[in-house]
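Just so you know, the protein sequences line up as chains F and B, in that order. Whatever position you read off the first sequence (first residue = 1), add 35 for our numbering. Whatever position you read off the second sequence (first residue = 1), add 35 for our numbering.
Number of protein chains: 2
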Amino acid sequence: MAQLSSSVVNLIDQFSKLPGIGRKSAERLTYHVLRVNKAEALELADSIRAVRENVCYCKSCFNLSETEVCSICLDPKRDQTTLCVVEQPRDLMALEQANSFRGQYHVLLGRIAPLEGIGPENLTIKQLIERVHGGTFKEVIMATNPTVEGDGTALHISNAVADFDVKVTRLARGITTGSILEFTNKEILADALVDRQEF
Amino acid sequence: MAQLSSSVVNLIDQFSKLPGIGRKSAERLTYHVLRVNKAEALELADSIRAVRENVCYCKSCFNLSETEVCSICLDPKRDQTTLCVVEQPRDLMALEQANSFRGQYHVLLGRIAPLEGIGPENLTIKQLIERVHGGTFKEVIMATNPTVEGDGTALHISNAVADFDVKVTRLARGITTGSILEFTNKEILADALVDRQEF
Chain F
36 MAQLSSSVVN LIDQFSKLPG IGRKSAERLT YHVLRVNKAE ALELADSIRA VRENVCYCKS
96 CFNLSETEVC SICLDPKRDQ TTLCVVEQPR DLMALEQANS FRGQYHVLLG RIAPLEGIGP
156 ENLTIKQLIE RVHGGTFKEV IMATNPTVEG DGTALHISNA VADFDVKVTR LARGITTGSI
216 LEFTNKEILA DALVDRQEF
Chain B
36 MAQLSSSVVN LIDQFSKLPG IGRKSAERLT YHVLRVNKAE ALELADSIRA VRENVCYCKS
96 CFNLSETEVC SICLDPKRDQ TTLCVVEQPR DLMALEQANS FRGQYHVLLG RIAPLEGIGP
156 ENLTIKQLIE RVHGGTFKEV IMATNPTVEG DGTALHISNA VADFDVKVTR LARGITTGSI
216 LEFTNKEILA DALVDRQEF
């Protein structure tokens with residue numbers, strides 16, 4: 036059987052490592068790269084390189100940034116009294132896109148996951164505690180994912196900041212707008228009943 | 036609303052251009068590139084660059100190759116009397132993986148598609164005719180896709196080589212191994228009945 040050339044095999048391997056890309060998709064992407072004009076293919080390569088060379092973490096909130104301190108931390112118009120704690124930069128972006136929060140953020144860069152060997156010391160929890168300790172925050176909003184690990188991380192942090200004079204809250208849980216009650220699972224309905232609101 | 040840094044937005048845009056990758060997947064891939072270690076991210080960038088810089092088309096059969104003439108064309112152990120015509124290099128690879136053909140290939144690099152403005156002159160049909168004219172081939176196997184355009188392309192080529200002393204065949208059509216008759220569509224069953232074989 037004839038072999039594909041080594042560059043092609045190598046690129047298929049590289050694409051296969053990406054999340055959600057299987058072998059067949061990786062082959063398809065590789066043939067796409069071979070088919071498009073050279074400038075477009077090289078632009079993709081350069082963008083990957085640029086993102087790793089230009090983007091770093093904000094030294095205050097650990098959001099992705101091309102400057103030492105990110106634009107959110109530097110924005111004087113944002114509320115300096117509320118701090119929203121998220122797991123990943125992409126969670127921060129999702130919240131920003133919802134356009135209802137104008138405070139500060141802190142990105143943990145993960146969640147406590149003992150089974151994967153990720154403890155509090157692997158995250159930016161120490162820096163978070165320093166910020167809460169030295170800062171002007173009146174409220175810390177836990178916006179970790181609503182999973183066992185996310186909830187565990189939120190609990191750990193709320194214990195760690197319990198001694199400071201801040202209110203700790205978490206995102207509301209309940210039924211999701213646009214969903215169908217019949218197909219909503221029992222944990223969600225239980226949350227929605229417990230936290231029911233006055234009409 | 037805070038903006039993502041321009042390198043990040045740019046990479047999301049680049050990933051979005053790939054086939055089968057939507058905006059959300061592109062964001063996910065970008066965050067993956069930002070999360071993995073730098074060496075791995077740069078390796079992906081370099082692989083894309085390498086594939087475009089090292090890989091070209093074999094000047095004889097138009098398969099992808101890192102050398103002027105590909106390894107299949109150079110292999111003296113392969114049958115020099117049968118020529119299999121495919122649309123794309125990936126079709127060639129699929130046939131090679133089936134491991135039942137040991138002859139030569141010719142890659143058209145597309146199919147005749149008048150609606151997309153792709154005529155015979157945009158493909159490698161001229162070079163194919165030259166190969167058949169000057170070559171030692173006794174049989175040309177049309178392995179274009181079993182679609183209207185693939186069949187049209189095969190018909191065009193079979194007419195073009197009709198004057199030469201070669202047998203022109205096409206891949207067998209029928210029911211697919213492992214399929215279920217009940218769910219097989221009528222065109223496939225019609226093909227299977229017409230080309231039925233002695234038991």
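Here a beta-carbon is modelled for each residue, glycine too, at the ideal position from N, C-alpha and C. Since the model is a prediction, treat every value here as computed from it, not as a measurement.
Local conformation of residue 59 of chain F per DSSP, three classes: As a position in the first sequence, residue 59 of chain F is number 24, starting the count at 1. Looking at residue 59 of chain F - three-state DSSP - the assignment turns out to be helix.
Drop a sphere of 10 angstroms on the beta-carbon of residue 218 of chain B, count the other beta-carbons inside from all chains shown, and report buried for 16 or more, exposed for fewer. Translated into positions along the second sequence, residue 218 of chain B becomes position 183. Residue 218 of chain B comes out exposed.
Simplified DSSP state of residue 205 of chain B, which is helix, strand or coil: Taking the second sequence and counting its residues from 1, one reaches residue 205 of chain B at position 170. Residue 205 of chain B falls in the strand class under three-state DSSP.
Using 8 Å as the Cβ pair cut-off and three pairs as the minimum, do the segment 215-232 of chain F and the segment 47-66 of chain B touch? no
Would you list, in sequence order, the uninterrupted beta strand (DSSP E) runs of no fewer than 3 residues that lie entirely inside the segment 133-205 of chain F? 139-142, 174-177 and 202-205
Where does the unbroken alpha helix (DSSP H) through residue 108 of chain B begin, and where does it stop? Your numbering for residue 108 of chain B matches position 73 in the second sequence. Residues 106-109.
May I ask which residues mark the beginning and end of the alpha helix (DSSP H) holding residue 224 of chain F? Position 189 of the first sequence holds residue 224 of chain F. Where residue 224 of chain F is concerned, the enclosing alpha helix (DSSP H) stretches over 221-229.
My output table needs one value for residue 79 of chain F: the three-state DSSP class, helix, strand or coil. Taking the first sequence and counting its residues from 1, the one referred to as residue 79 of chain F is at position 44. Three-state DSSP puts residue 79 of chain F in a helix.
For residue 213 of chain B and residue 140 of chain B, I'd like the C-alpha separation in whole angstroms. Stepping through the second sequence from its first residue, residue 213 of chain B is reached at position 178. Stepping through the second sequence from its first residue, residue 140 of chain B is reached at position 105. Spanning the two alpha carbons is a distance of roughly 28 Å.
Assess contact between the segment 169-180 of chain B and the segment 113-125 of chain B, defined as three or more Cβ pairs (one per stretch) separated by less than 8 Å. Is contact present? yes
Report the option in F:144, F:126, F:202 and F:163 whose CA atom is closest to the CA atom of residue 19 of chain B. Outside the shown range of chain B, which is 36 to 234, sits residue 19 of chain B, and nothing can be said about it.
Buried or exposed: residue 234 of chain F, going by 16 or more other Cβ atoms within 10 Å of its Cβ? The residue labelled residue 234 of chain F in the question sits at position 199 within the first sequence. Exposed, because fewer than 16 other Cβ atoms sit within 10 Å of the Cβ of residue 234 of chain F.
With 16 as the cutoff for other CB atoms within 10 Å, does residue 142 of chain B come out buried or exposed? Along the second sequence, one-based indexing puts residue 142 of chain B at 107. By the 10 Å Cβ count, residue 142 of chain B comes out buried.
Taking Cβ to Cβ, would you say residue 124 of chain B is nearer than 7 Å to residue 98 of chain B? As a working mapping, residue 124 of chain B is identified with position 89 in the second sequence. As a working mapping, residue 98 of chain B is identified with position 63 in the second sequence. Yes, these two residues count as a Cβ contact at 7 Å.
Along chain B, in chain order, which residues have C-beta atoms closer than 8 Å to that of residue 54 of chain F? The residue given as residue 54 of chain F occupies position 19 in the first sequence. Ordered by position in chain B, the residues that pass the 8 Å Cβ test against residue 54 of chain F are 63, 64 and 67.
So, is residue 102 of chain B buried or exposed, given that buried needs 16 or more other C-beta atoms within 10 angstroms? Here residue 102 of chain B refers to the residue found at position 67 of the second sequence. The residue in question, residue 102 of chain B, is exposed, as its Cβ has fewer than 16 Cβ neighbours within 10 Å.
Could you name the residues of chain F that residue 101 of chain B contacts, counting a contact when the two beta carbons are closer than 9 Å? The residue given as residue 101 of chain B occupies position 66 in the second sequence. Per Cβ cutoff of 9 Å: 40, 41, 42 and 43.
Who are the near neighbours of residue 186 of chain F in its chain, counting only those whose CB is closer than 8 Å to its CB and skipping five residues on each side? Residue numbering aside, residue 186 of chain F sits at position 151 when the first sequence is read from its first letter. Closer than 8 Å at the Cβ level, and outside the excluded window around residue 186 of chain F, lie 179.
For residue 32 of chain F, which residues in the same chain have their Cβ closer than 7 Å to its Cβ, ignoring the five residues on either side in sequence? Since the first residue of chain F shown is 36 and the last is 234, residue 32 of chain F is not available in this structure.
Less than 7 Å between the C-beta atoms of residue 147 of chain B and residue 191 of chain B, yes or no? As a first step, residue 147 of chain B must be located in the second sequence, where it is residue number 112. As a first step, residue 191 of chain B must be located in the second sequence, where it is residue number 156. For residue 147 of chain B and residue 191 of chain B, yes; Cβs fall inside 7 Å.
Answer yes or no: does any C-beta atom of chain B fall closer than 7 Å to that of residue 152 of chain F? Numbered from 1 along the first sequence, position 117 holds the residue referred to as residue 152 of chain F. Chain B contact via Cβ: absent.
Can you give me the Cβ contacts of residue 121 of chain F inside the same chain, cut-off strictly under 8 Å, excluding the 5 residues immediately before and after it? Residue mapping note: residue 121 of chain F aligns to position 86 of the first sequence, counting from 1. Taken in chain order, the residues that qualify are 127, 130, 140, 141, 142, 143, 178 and 179.
Chain F within 7 Å of residue 89 of chain B, Cβ atoms only: As a working mapping, residue 89 of chain B is identified with position 54 in the second sequence. Yes, contact with chain F.
Does any residue of chain B bring its CB to less than 7 Å from the CB of residue 36 of chain F? What you label residue 36 of chain F is simply residue 1 of the first sequence in a count that begins at 1. For residue 36 of chain F, the predicted model reports a pLDDT of 47, less than 50, meaning its position is unreliable; a value from the coordinates is still stated below. For residue 36 of chain F, the answer is yes, since a Cβ of chain B falls inside 7 Å of its Cβ.
Could you pull out every residue in the same chain whose Cβ sits closer than 7 Å to the Cβ of residue 202 of chain B, ignoring the five residues on either side in sequence? Stepping through the second sequence from its first residue, residue 202 of chain B is reached at position 167. Excluding residues within five positions, the ones whose Cβ falls inside 7 Å are 173 and 174.
Within this structure, are the beta carbons of residue 164 of chain B and residue 197 of chain B separated by less than 7 Å? Taking the first residue of the second sequence as position 1, residue 164 of chain B is located at position 129. Taking the first residue of the second sequence as position 1, residue 197 of chain B is located at position 162. The answer is no: Cβ separation not under 7 Å.
Check residue 53 of chain F in the structure and name its three-state DSSP category. Within the first sequence, residue 53 of chain F is the residue found at index 18, counting from 1. Looking at residue 53 of chain F - three-state DSSP - the assignment turns out to be coil, as it is neither helix nor strand.
Rounded C-alpha distance that separates residue 109 of chain F from residue 78 of chain F: Looking up residue 109 of chain F in the first sequence gives position 74. Looking up residue 78 of chain F in the first sequence gives position 43. Cα to Cα, the separation comes out at about 31 Å.
When Cβ atoms are compared, which residues of the segment 202-229 of chain F fall closer than 9 Å to chain B? none
Within the continuous beta strand (DSSP E) that includes residue 121 of chain F, where are the two ends? Position 86 of the first sequence, counted from the start, is the residue given in the question as residue 121 of chain F. Unbroken beta strand (DSSP E) run through residue 121 of chain F: 117-121.
Closest residue to residue 207 of chain F among F:232, F:57, F:188 and F:67 (Cα-Cα distance): What you label residue 207 of chain F is simply residue 172 of the first sequence in a count that begins at 1. Ranking the options by Cα distance to residue 207 of chain F, first place goes to F:232.
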